[in-house]
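Visitor:
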């Protein structure tokens, strides 16, 4: 009988200890809901962002939580991280469901640029426009990086680096750091909005702007201005490009080999970037320099093709170069994710949400939900600077965008190494 | 004239690369057609099991620093086991006349395998070792990948061994008997479930080889490969003729060359369109495929 009592007591204690704090805590919690690609070719991005977000929220809660409008401290809670599967209709459905059936103060994510664009499009354009029946819920994105998306709606915000600035400065730097590099060509996956549009509208244009000669298929109107000759370049580019899930790159690699350029741009996410670079290596394609897409400055690229990617240079908004970045990197790794320029933004967003909530004096009650969301949105728009993981960043409330610090990383002996910090 | 010769060389090279890569499609197609020939059903979890086997092989390489041959062997053996499990869970207990239920069960199996892989790997692509991956022979203007030649060779060997098993062994005879008329086979004392289990296992073995070969040919393993391989396998199976092993082989090589050719001349946007158009043409004008028996009304 005694032993049975002890056993029951121990079991109850174990059960009590396993119940999450938020379930015991009787007051309001600050709820957020996330969504991203957790299936499909870009599933690793959603997995990493979720790990980063949950880890950051756990850190915030362990430091006391978030100050609510009544002065009390409340824990932040990630009430879910849905799978939008890089599909517009999925993301829009999640957004509508979140806005209408949950008490999440903000939606966080989502992975794909095309999805963000569609999702932002169903939001109310102007906050004060009562004739606009769009969804009224703040969205804070961490991964969809295509330029200019957040200005679609006053409810949409992003914490992504500016790729135009990054590649502009990168090629300007390459000009001096690699003076023997004169010509360039490249390839990209065409079924992913970010990589293809960034390649044709930004990366190629910036390379031309800084005097590199394009030796790919003829594009007579290609020039230094963004979008100049873009349609022609997109059409020409498709002849040596691939799809995200392709397994055979022999044709494309041969075409690149024939062009014999000094620099090859590989604007593709890790799986197809690795497949293509490995094919280039097999066919003895040895350019003087490889330049990659921001999204490939990640552990996934090293996992997939450490050797073939040797020497590739990529501008990125994250590297474990500060104590905060190293600590976050360690925490997220233990949580089953990797920190890169996208998932690090998810981490930063958790702290941005905390700051905005405290500035907006959120009440966190069911009857104040819509007003809380509006106040949160206004507070988020009013934040003009924030401490990021690798340095301070500034925010523009009118566009909802951030101006983030970045570094250039290169695969050296199978590891990412920071080779240049433009801010130092 | 130089431009013309250049194009001839490039197109020849493109087709040759496609044929070599198509041997992986042939192996996948053989697995699909073997099961269809035995049971008249499609196993949609087949390519997923093949990739899963490749992942286990890769894990052996990563944790035990195993030689590549062992990696391929483990991939094949694990896929063999998975083929057996898929049969037991998705086909054995479903009435033979209910084709849709078995099909949907195997689709569920494909998704389950996919999700397990994502969970285990965080969805990250992983480097897959290959044999002869640095071997590249240049014959004049042509280049030949040594690893693809090896894949092609393995594909031929696997096919020869399979044909020997099917036509020169009692097991093969039992498999063909069940495929022809399962009731009569049962009356002759052949255990249907045991025979089908072995058929699925053999198909799984081929799938494991195909999965490992494909991963080795690409150099990267990722869960994103399961669906495209499934689709290619189905296309090859239909074009070759449902239930025809020689058809699957020829169709696999042909589809590999065909898609590479159209990739070269029409670009990435139209490549898959032409492959699907090819499938459509076969479905309309030759639904029995290249080598299968003529389909007639009952």
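Residue numbers (my numbering), protein chains in the order written: chain A, 348 to 771; chain B, 60 to 357.
Glycine included, C-beta positions come from ideal geometry on N, C-alpha and C.
Keep in mind that this is a model prediction, so the values were computed, not measured.
Any C-beta of chain B sitting closer than 8 Å to the C-beta of residue 381(A)?
Guide: no
Visitor: Near residue 472(A), what residues of its chain come up, given a Cβ to Cβ distance below 8 Å and the 5 sequence neighbours on each side ignored?
Guide: Result list for residue 472(A): 479, 481, 499, 500, 501, in chain order.
Visitor: Suppose only complete runs of 3+ residues qualify. What are the beta strand (DSSP E) ranges in the segment 437-486 of chain A, listed by chain order?
Guide: 453-456
Visitor: Mind pulling the chain B residues with CB within less than 9 Å of residue 590(A)?
Guide: 287, 327, 330, 331
Visitor: Can you give the Cα-Cα distance for residue 510(A) and residue 493(A), rounded to whole angstroms?
Guide: 8 Å
Visitor: Is there a C-beta anywhere in chain A that falls below 8 Å from the one on residue 278(B)?
Guide: yes
Visitor: Closer than 8 Å, CB to CB, is residue 647(A) near chain B or not?
Guide: Under the 8 Å criterion on CB atoms, residue 647(A) is classed as interfacial with respect to chain B.
Visitor: Going along the chain, which unbroken runs of the alpha helix (DSSP H) with 4 or more residues stay wholly within the segment 280-319 of chain B?
Guide: 285-299
Visitor: Does the Cβ of residue 435(A) lie closer than 7 Å to at least one heavy atom of the ligand NAD?
Guide: Within the structure as shown, the ligand NAD is missing, as the structure has no ligands at all.
Visitor: Using the Cα positions of residue 732(A) and residue 172(B), report the straight-line distance between them to the nearest angstrom.
Guide: 45 Å
Visitor: Helix, strand or coil: which one does DSSP assign to residue 737(A)?
Guide: coil
Visitor: Let me make sure I understand the geometry here. Which of 411(A), 475(A), 513(A), 446(A) has the alpha-carbon closest to that of residue 639(A)?
Guide: 513(A)
Visitor: Under a three-way DSSP split, which group does residue 155(B) fall into?
Guide: coil
Visitor: Interface residues of chain A around residue 71(B) at Cβ under 9 Å?
Guide: Simply none; closest approach about 12 Å.
Visitor: Let me confirm a value: residue 221(B) is counted as buried when at least 16 other C-beta atoms fall within 10 Å, else exposed. Which label applies?
Guide: buried
Visitor: Can the beta-carbon of residue 181(B) be found closer than 8 Å to that of residue 683(A)?
Guide: Cβ distance < 8 Å, so residue 181(B) and residue 683(A) count as in contact.
Visitor: Work out the CA separation of residue 216(B) and residue 62(B) for me, nearest whole Å.
Guide: 39 Å
Visitor: So, under 8 Å CB-CB, residue 429(A) and residue 439(A) are touching, yes? Tell me the CB distance rounded to an integer number of Å.
Guide: Not confirmed; about 12 Å, so no contact.
Visitor: Report the residue from 416(A), 391(A), 628(A) whose alpha carbon sits nearest the alpha carbon of residue 377(A).
Guide: Residue 416(A) is the option with its Cα nearest to residue 377(A).
Visitor: Mind checking whether residue 280(B) and residue 65(B) have CB atoms under 8 Å apart?
Guide: Not a contact, by the Cβ cut-off of 8 Å.
Visitor: Below 8 Å CB to CB, which residues in the same chain sit around residue 527(A) once its five sequence neighbours on both sides are set aside?
Guide: 609, 635, listed in sequence order.
Visitor: Hey, out of 507(A), 759(A), 562(A), whose CA is closest to residue 663(A)'s CA?
Guide: 507(A)
Visitor: Would DSSP call residue 366(A) helix, strand or coil?
Guide: Caution applies to residue 366(A), whose pLDDT of 47 falls short of 50 and renders its modelled position unreliable; the value that the coordinates give is listed next. Note: residue 366(A) maps to coil in three-state DSSP.
Visitor: Does residue 68(B) have its Cβ less than 8 Å from a Cβ in chain A?
Guide: With 8 Å as the cut-off, residue 68(B) does not count as an interface residue toward chain A.
Visitor: Tell me the residue span of the alpha helix (DSSP H) that contains residue 252(B).
Guide: For residue 252(B), the uninterrupted alpha helix (DSSP H) segment begins and ends at 251-277.
Visitor: Quick one: which chain A residues come within Cβ less than 7 Å of residue 204(B)?
Guide: 629
Visitor: What residues in the segment 94-128 of chain B bring their beta carbon closer than 9 Å to a beta carbon of chain A?
Guide: none
Visitor: Can you round the beta-carbon distance between residue 533(A) and residue 612(A) to whole angstroms, since I take them to be within the 8 Å contact cut?
Guide: Between residue 612(A) and residue 533(A) the Cβ distance is about 3 Å, and since that is below 8 Å, they are a contact.
Visitor: For residue 198(B), list the residues DSSP reports as bridge partners.
Guide: 201(B)
Visitor: Which whole runs of the alpha helix (DSSP H) in the segment 119-189 of chain B are 4 residues long or more, in chain order?
Guide: 127-145, 158-180
Visitor: Cα separation between residue 129(B) and residue 237(B)?
Guide: 33 Å
Visitor: Nearest-angstrom Cα distance between residue 184(B) and residue 468(A)?
Guide: 32 Å
Visitor: Our contact map puts residue 299(B) next to residue 310(B) with C-beta atoms below 8 Å; I'd like the distance itself, whole angstroms only.
Guide: Taking a contact as a CB-CB distance under 8 Å, the pair residue 299(B) and residue 310(B) counts as one, their CB atoms being some 3 Å apart.
Visitor: Touching or not, the segment 263-271 of chain B and the segment 132-147 of chain B, by the rule of three or more beta carbon pairs under 8 Å?
Guide: yes
Visitor: Would you please verify whether the beta carbon of residue 652(A) is less than 8 Å from any beta carbon of chain B?
Guide: When Cβ-Cβ separations below 8 Å define contact, residue 652(A) makes contact with chain B.
Visitor: Can you find a CB in chain B that lies within less than 8 Å of the CB of residue 391(A)?
Guide: Cβ-Cβ to chain B under 8 Å: yes for residue 391(A).
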